[in-house]
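Chains A and R, in that order, are what the protein sequence lines are. Under full-length UniProt numbering, think of the first position of the first sequence as 1, with each following residue one higher. Under full-length UniProt numbering, think of the first position of the second sequence as 1, with each following residue one higher. Positions of the beta carbon are idealized from the N, C-alpha and C atoms, including for glycine. The structure under discussion appears below in the form of structure tokens.
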Amino acid sequence: MVATKIPKPAPGDSTSIAAQYARAKARKDAEDTKVDSIFKSQGYEKPKPKNPVEKLNDRKRERFDREWSWTVGFFFWLLSLHAAGIYFFTKGFLLTRLVLDEKSSCENPPIALSTTFKGAGTHKAGCWHPKTFDRAVVIIIDALRYDFTVPYKQDGALNSEPAQAFHNALPFMYETAIKQPHNAFLLPFIADPPTTTLQRLKGLTTGTLPTFIDAGSNFAGTAIEEDNMLMQLRDAGKRIVHLGDDTWTALFPGYFEANISRAYDSFNVHDLHTVDTGVIEHIFPLLAPEGRDSWDVMIAHCLGVDHAGHRYGPNHFAMTAKLQQMDVMLRDVVKALDKNTLLVVMGDHGMDPKGDHGGESDDEVQAALWMYSNKGIFGRTDPAFVTPPTTAKIRPVDQIDLVPTLSLLLGVPIPFNSIGKPIEEAFAGKEGNAWENLAGAVRVAAAGTQRYQSAYYVARGINESTINTSEGTPHALWVAAGNSVGSGVRTDQVWKDIYYSYLSFQVETLRLFRDLWARFDVTSMALGIAILIMGVMCLLLYANEMAEESLAREDPELEKKERELELDSILKGEVPVYEDDQVSRSAAMAALMGSLSGAIAGAGSASILWAYIEEASMLDMAIAGAATGSGLAVLLSKLRAALPFSNPLPTSVWSWMALVFVISQSIGFASNSFTIWEDSQLLFFISTFGLAAAISSVRIEGKAERALGTYHSIAFVALGWLASFSKLCREEQMPYCRSTYYASATSSTSAPWQLLIPFLIAVGLPSIVKSYFASSRSYEGFAPVWIGWVFRSGIVLSAIFWILDAADDGDWFPRLNGLLKTIRVPIAQLVFAVAIGAGSTVFTYAPPCVSISQTARATSNSSMIDSKGTTVTILGYANAHGSRYLLLVVNVLLAVLMVQKPMGGGAIALMSWQILSLLEILDLNELTASPIGPAVLALLGSFHFFKTGHQATLSSIQWESAFIALYNVKYPWSPLLIALNTYGAQILAAAAVPAVVLWKQQPKKRGLLKNVAAAIAWHLAYYAVIELATTMWAGHLRRHLMLYRIFSPKFMTASMALFVVDIIGIFVPLIGFRLNNLSVAEVFGWPLS
Amino acid sequence: MPLIDPITMSSTAPSPIIKSSHPIELLPTDLARLFTHTHPAILLAAFTLSFPALVVNPVSTLLNSLPPLAIIQASYAVICLPATGTAAKLDKKPKPGAKKEIVPSRAPVTIFYALLLSLLSIPLLTTTQILFGAPLTTHLPHTLLSSAHIALLAIFPLVYVHGSDGKKWREVLSLYSPVDEVFGAAVGAMLGAWLGAVPIPLDWDREWQKWPVTIVAGVYAGYVAGKIVGGLVLRGKRIEFD
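Given below as structure tokens:
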């Protein structure tokens, strides 16, 4: 930085030039080859004996490599520590439900039947209740939201908005429910979150509440072992046929009739039609009289509606088409239905305004349920109930109610775990007054629930006599319901009372289960949090020690002496010996020893505990031991090093600022409001830093530097502000937020004008990057080709990709659809090949971004006089480290840009401009060694996470990004693409961390590795503290109403972010810095150790 | 750029700007000493009294309270503060570059110009608020009026005492001015505005959470706190960043 930035020669500089001059003399011919090598990009080796200079360089290089390896070791240990902490917390936090093995059987109803009927206790007549149907067709229309099925009319006050694409496209269910109320009914069907298909299918077949622990295994379903509907049906001798979504075959392997079942891949959300077409193709032959004999129960699962939602959002003509197709299918199915078959059509969950699901917002849980039969046995207990509810808030039924309803209608026992209640409409009789039937059904279901509850208490080791029996509790309600049965003459009124008393028991029990279902393992959660706390403390101590060590080295007098000593010994032909650095080494060694002894201790204590506690897993105990042992060991060793002279509190306004940002955010995550409005908060902090930087820049003495500093600070703020217009609102932000990320709030496709953004980026961004290179005269070497041509072409290609994608989504060229996809995937693959493949190669082997000119006259001080007396000017010398490293950032940038939708690409482009401005700000204000730089980078990463169309919710994950560079799901590439899309901003910020240190750093700068390690540590510390805070809050607020809606998703988002940044931190900045340093040292020689 | 060591990149001198500037001295009258202590009380009382109206109707309340605020601030300036140009006489050691002539009846003109100049800062203050996340397409009158209040409270006295002295203003803008009650109050007002944004996102559903009530409240509280701290506790000190 010295050379181009300060025109006047500073006193220390002349010594370094003198030293270089002396060294240049000493090297003579060797020096010339070095200079040559800049042009030839790679020096050629001469088979001649090594002189002391070369030996010295070798020593320094070896020393650097050792120090670097220990640093990597430390960060790798940190990653493992974070993994262990998150593992233990998650294990205790994500609800686990004890799975009971008991099964219901036909002969043993949970309670003596209130009414005897002929053949009770047999499959033929009905096990626990007289059966109504022999056969059933269950059609699941994935993501069928309730408002898709009810008519919508724009009529001023209440429905002021015009109808959307999903309205009035599937009217059949509503029509039949009104016109033939005895044959059909339509009700809102409320899902228990998580609203992912796998969890929903578990809930729909077992009749229990799903637990969160399974949420992650959506894409690799595991077989259900618990008692469930299908198991009961199979035991009753029913033949089950399955069509559609292959999640079923994963959950129920071997259940389905082999020859006639058809399973289709479920994860390809870009494919709207294959599954549905397959279902329609095979369902009608099976329904036809000649096909009926081959099955008893049919399950058909259509995915088109769900995929249309994921891909386009509900308000898109593709959704209208899908719903109309379903309408036609249902009409045809009803025509083909015989009298003895029950038809059930339902959505397993809804979808949010953009068409995604997974969480527990209203739109996601409100599905629709429609039952139809030609028998005409359905009724309503109130004539007003004939009209299906206008919204899902009125008379909803729970999804767990399906299991008891279907079981009793088909005459099989209710599965043991079921805690739902029979649906009124199905048992109320034509006149709606079949109270005896209703009471019998709900009584046997309630008894099942009661039996399950007792069994669960026994399994959990809870003594039933200790539970609360006061009024209103399930226990009291159960007793009251039992009393209401009485023994006298049972009139309709008595049956009605019985019905309602059992119903209230069911409702209350369900509420209790929802509240208390699965227990949190607080010990495991606390262990996880303790490990995470240790991680944060180690990280901060490490960063501080690193920073202090590198500061201690910055003594110009000492350096001068050392330089002279080194020169002396070279002239004498000796090679000085350097001691290894201790900071990373001691940490890594302590971690290693601590984890080994901890693991042994943990495993040992597990084997002792084995005798007493069955649950103590050897592996878990070993991991816990290793994590705590190593954490304590590192903490102790670092504390011992830090305590004597370290001040634990920040010393400058900038460090305070970094601390205030991260602490106030951490506190804010205890409140749902601050969690919801995190993006605005981050903009506020980013602007605060920019304003402080502007104020600080005004203090700069030099006029030009002052102007530059102020300009970059204002640009930094303005760019962040501009990016804040890219918004994807979460449901809780309504109505104070307007989404701009997609064409509309109910779509997930880009608006046509947004497609221009990538082209604007292609035109502008490379020039902007170039201008920052040019300011330090570093637009030399590989930079012009790589940034001006390759980078720009890459962006153009990604712009073309998004045009093709939009053409495909918008059906611009209906005949070319297949072709569009065939073309665009290779384009994306090419961009990745350039950014990652070619980019890494170029970065590894590229010379520094400098060029050398030889002139006779003396120029500025970025020159030295070689042995022949001519002046050698090295352009870009002063930024040799930074400019070259930036090439790597550009590669990462290109890869991230490729996976972002046009609007997100715009945000990422603004972010990269902000990063460049930040580098200049930090350099001009001498903040390259302060924690504020890495902290602001982390703020930028977190901020632009939101600006690239994400939120801390499961439903905001852009699953379709898995198909950007692939035709099908491929492991591990599909998850990696999704991660790159989701955490693109954080990845870019993490990759840019070393640039904070390296920018405007001349080749002879010493101790860079320490500064880089400290910067990475500070950067990670931001994410680690945020993750720790969200973890602690999620644990603390585990009974909070908003846990699954706000705190838990935030905890998961923050944990994933920490993981991603941990891994990226090792692979991009550390390895990138090493390659960069080797290349710079190759050309300019190693700096003093 | 400050003097820096080219090898270590650390600054050798922590304070780059010439330290010749001094904190503002109040006018040496009893009335000045009395009024400078009543001034914060008047401001707080006025703000507290108009707070309910501010919550109900921010725009009209902020607008209607501008003239009284201008009068309070102008009286404060006339009674307590040395008008720009007169400071040279009050300083024990006169600044080499400052004007030494004093025009006795300068205050009214200075008041007028200071009011005019501080009004010019309103667009800048509004822009700053918007850059920090204030709404752009809606609530513009709200933001403009809250900026007007900041301008009258914080900027106007600064203009009144410093005039258009570029060097001094660079010191003020870089927060490097020696702390006195005028500068302290201005910094306090800004910090108050910053902190005032904190309760806005909370879901307490209170009327007073609406824009820009909390900001204005923060400005007034910060102004008063900053004035007291700057005038009594930290007087003469400078804000160092490093």
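Per-residue contacts from residue i into chain A (C-beta, under 8 Å)
i      : result
R/L195 : Ordered by position in chain A, no residue passes the 8 Å Cβ test against R/L195, which lies about 10 Å from the chain.
CB contact flag (residue i, residue j, <9 Å)
i                      : j      : result
A/T746                 : A/A806 : no
A/G625                 : A/S605 : yes
A/F416                 : A/K103 : yes
A/F189                 : A/V305 : no
A/A1015                : A/P934 : yes
R/S174                 : A/I695 : yes
R/G218                 : R/A197 : yes
A/Q900                 : A/S942 : no
residue 244 of chain R : R/I79  : With chain R covering 1 to 242 only, the question about residue 244 of chain R has no answer from this structure.
R/L145                 : R/L63  : yes
A/L937                 : A/A989 : yes
A/I139                 : A/V345 : yes
A/G359                 : A/D352 : yes
Cross-chain neighbours of residue i in chain R, by beta carbon under 9 Å
i       : result
A/L567  : Going along chain R, no residue has its Cβ under 9 Å from A/L567, so there is no contact; the nearest lies around 16 Å.
A/N672  : D203
A/I1026 : Result: empty, since nearest Cβ-Cβ is about 17 Å, beyond 9 Å.
Under 8 Å by beta carbon: chain B residues contacting residue i
i      : result
A/S883 : The displayed structure is made up of protein chains A and R, and chain B is not among them.
Burial state of residue i, where buried means 16 or more other Cβ atoms lie within 10 Å
i                       : result
A/S14                   : Model confidence at A/S14 stands at a pLDDT of 42, short of 50, so the residue's coordinates are unreliable; what they give is reported in the following sentence. A/S14 is exposed by the Cβ-count criterion.
residue 1090 of chain A : Residue 1090 of chain A lies beyond the range of chain A shown here (1 to 1089); nothing can be said about it.
A/N544                  : buried
A/Q154                  : exposed
A/Y1022                 : buried
R/A87                   : For R/A87, the predicted model reports a pLDDT of 49, less than 50, meaning its position is unreliable; a value from the coordinates is still stated below. R/A87 should be labelled buried.
A/S637                  : buried
R/T38                   : exposed
R/K93                   : At R/K93, the pLDDT of 46 sits below 50, so the modelled position is not reliable and the matter cannot be decided from this model.
Residue i versus residue j - alpha carbon distance
i       : j       : result
A/P1069 : A/L1020 : 12 Å
A/A587  : A/E562  : 28 Å
A/D363  : A/R145  : 7 Å
A/Y44   : A/D58   : No answer about A/Y44 holds up, because its pLDDT of 45 lies below 50 and its placement is not dependable.
A/L342  : A/L760  : 58 Å
A/H82   : A/L532  : 6 Å
A/C729  : A/D356  : 13 Å
A/A895  : A/N374  : 58 Å
A/L510  : A/H316  : 38 Å
A/L539  : A/N168  : 57 Å
A/V850  : A/L918  : 23 Å
From the options, residue whose alpha carbon lies closest to that of residue i
i                       : options                            : result
A/Y502                  : A/V872, A/P474 and A/T523          : A/P474
A/R451                  : A/D581, A/W478, A/E436 and A/A694  : A/W478
A/T446                  : A/A935, A/I498, A/G429 and A/G432  : For the sequence presented, residue 446 of chain A should be read as Ala rather than Thr. Comparing Cα positions, the closest option is A/I498.
A/G905                  : A/Y877, A/T871, A/W802 and A/S697  : A/W802
A/S671                  : A/L820, A/R1045 and A/R239         : A/R1045
R/T143                  : R/M190, R/R206, R/S177 and R/I215  : R/I215
A/D679                  : A/I423, A/L918, A/H944 and A/V1060 : A/H944
residue 1095 of chain A : A/T948, A/Y967 and A/L966          : What the structure shows of chain A is the stretch from 1 to 1089, and residue 1095 of chain A is not part of that stretch, so it cannot be assessed.
A/D808                  : A/E54, A/E549 and A/T822           : A/T822
A/G668                  : A/K238, A/E564, A/I1026 and A/L201 : A/I1026
A/S961                  : A/T197, A/H123 and A/V269          : A/V269
R/V159                  : R/E207, R/E240, R/G222 and R/P82   : R/P82
A/V489                  : A/L406, A/S114, A/P931 and A/H182  : A/S114
R/P52                   : R/G230, R/W169 and R/R206          : R/R206
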